[in-house]
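Worksheet: the structure to be examined is printed underneath.
In UniProt numbering, the protein residues as written are 1 to 294.
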């Protein structure tokens, strides 16, 4: 049935025990401009959130810095007590205004943010809490040690990292179990290819943010455009279908505050690219990325 489209993307067990739909939802865009304050259409944002379970999406990614707090508040208002929906949130970035993001990794600050997210979301335990950025001004081991404490105390069930290298994941793993990694990744941005490979080999969920990007590959008359027409789909849906096919640990979280756009994104779960289509897109994406890096 169309209502459960997200299930067609398959599932992944975060940390080995929290099974989620591989096609999730990113809740950054349900805030105001610059990811600051309330959304322009608050009711529309709430209705979009309420649509998620109807479409089978049971994995939502947010952060205390989205708004700040606004995204978490809206998620609670729309979806609590959640009924099988896994809410992942992040901490470690402070906000002083629209479009401003400053890392703060002091253990006492991270602890404060974990407790605030618990209150914001109305939860007794956060299923997945992720360090939004490793703060370069604070020893990494101090940040990782704080996360270990949150796990030991049961404040969080699983922990993840965001925008990290393989060496940083390995360093963190000496202190706590890394269940997910959230890095920017899409068809034309392969900066984290080695991180994705490492996550796949170690059964770590890889959450690519900005997963719909395709750059010039989406232009009219392009290979992607031809494939999209063949599947009666939008180029963004093909980009998302490619991401899903790329790896079994991939957990894309496209975000939107509009129901129509949400339905379009989730419909990508119903698109099966042939191996030939996937390989052709993969090759074009690699070339586009290489040219951009020159």
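Think of the CB as a built atom: it goes at the ideal place given N, C-alpha and C, for glycine as much as any other residue.
Just so it is clear, the structure is predicted and the values come from calculations on it, not from any experiment.
Per DSSP, cross-strand counterpart(s) of residue i
| i | result |
| --- | --- |
| residue 206 | 181, 250 |
| residue 67 | 36 |
| residue 191 | Beta-bridge pairing links residue 191 to no other residue. |
| residue 156 | 126 |
| residue 227 | In the DSSP output, where bridge partners are listed per residue, residue 227 has none listed. |
| residue 18 | 14 |
Rounded C-alpha distance that separates residue i from residue j
| i | j | result |
| --- | --- | --- |
| residue 301 | residue 190 | The structure shown does not extend to residue 301, since the chain spans only 1 to 294, so no value can be given for it. |
| residue 194 | residue 178 | 16 Å |
| residue 74 | residue 223 | 39 Å |
| residue 47 | residue 27 | 13 Å |
| residue 281 | residue 274 | 11 Å |
| residue 250 | residue 42 | 30 Å |
| residue 203 | residue 16 | 8 Å |
| residue 96 | residue 113 | 16 Å |
| residue 1 | residue 263 | Since pLDDT at residue 1 reaches only 40, below the 50 mark, its modelled position is unreliable, and the value read off the structure follows with that caveat. Cα to Cα, residue 1 sits roughly 13 Å from residue 263. |
| residue 18 | residue 186 | 25 Å |
| residue 137 | residue 267 | 42 Å |
| residue 4 | residue 78 | 19 Å |
| residue 259 | residue 139 | 42 Å |
| residue 121 | residue 221 | 45 Å |
| residue 228 | residue 242 | 11 Å |
| residue 31 | residue 54 | 22 Å |
| residue 293 | residue 284 | 14 Å |
| residue 209 | residue 61 | 10 Å |
| residue 246 | residue 180 | 17 Å |
| residue 230 | residue 21 | 26 Å |
| residue 123 | residue 279 | 43 Å |
Helix, strand or coil at residue i [DSSP, three-state]
| i | result |
| --- | --- |
| residue 13 | strand |
| residue 186 | strand |
| residue 23 | coil |
| residue 40 | coil |
| residue 235 | helix |
| residue 59 | strand |
| residue 91 | strand |
| residue 125 | coil |
| residue 98 | coil |
| residue 132 | coil |
| residue 161 | strand |
| residue 103 | strand |
| residue 271 | coil |
| residue 31 | coil |
| residue 3 | Here residue 3 scores only 45 on pLDDT, less than 50, and its place in the model is too uncertain to base an answer on. |
| residue 86 | strand |
| residue 148 | helix |
| residue 53 | helix |
| residue 256 | coil |
| residue 78 | helix |
| residue 289 | helix |
Nearest-angstrom beta carbon gap, residue j and residue i [assumed within contact, 8 Å]
| i | j | result |
| --- | --- | --- |
| residue 225 | residue 233 | Incorrect: roughly 10 Å between the Cβ atoms, too far for contact. |
| residue 84 | residue 128 | Not quite, the Cβ-Cβ distance comes to about 15 Å (not below 8 Å), so this is no contact. |
| residue 6 | residue 269 | 6 Å |
| residue 93 | residue 132 | 4 Å |
| residue 303 | residue 175 | A question about residue 303 goes unanswered here, because the residues of the chain that appear run from 1 up to 294. |
| residue 216 | residue 288 | 7 Å |
Fill in: Three CB pairs or more closer than 8 Å across the segment 243-260 and the segment 14-28
yes
Discussion item. Whether or not the segment 29-42 and the segment 6-16 are in contact is what I'm after, with contact meaning three or more pairs of Cβ atoms, one per stretch, closer than 8 Å; do they touch?
Written reply: no
Item to complete: Answer yes if the segment 162-173 comes into contact with the segment 100-107, meaning at least three C-beta pairs across the two stretches below 8 Å, and no otherwise.
Response: no
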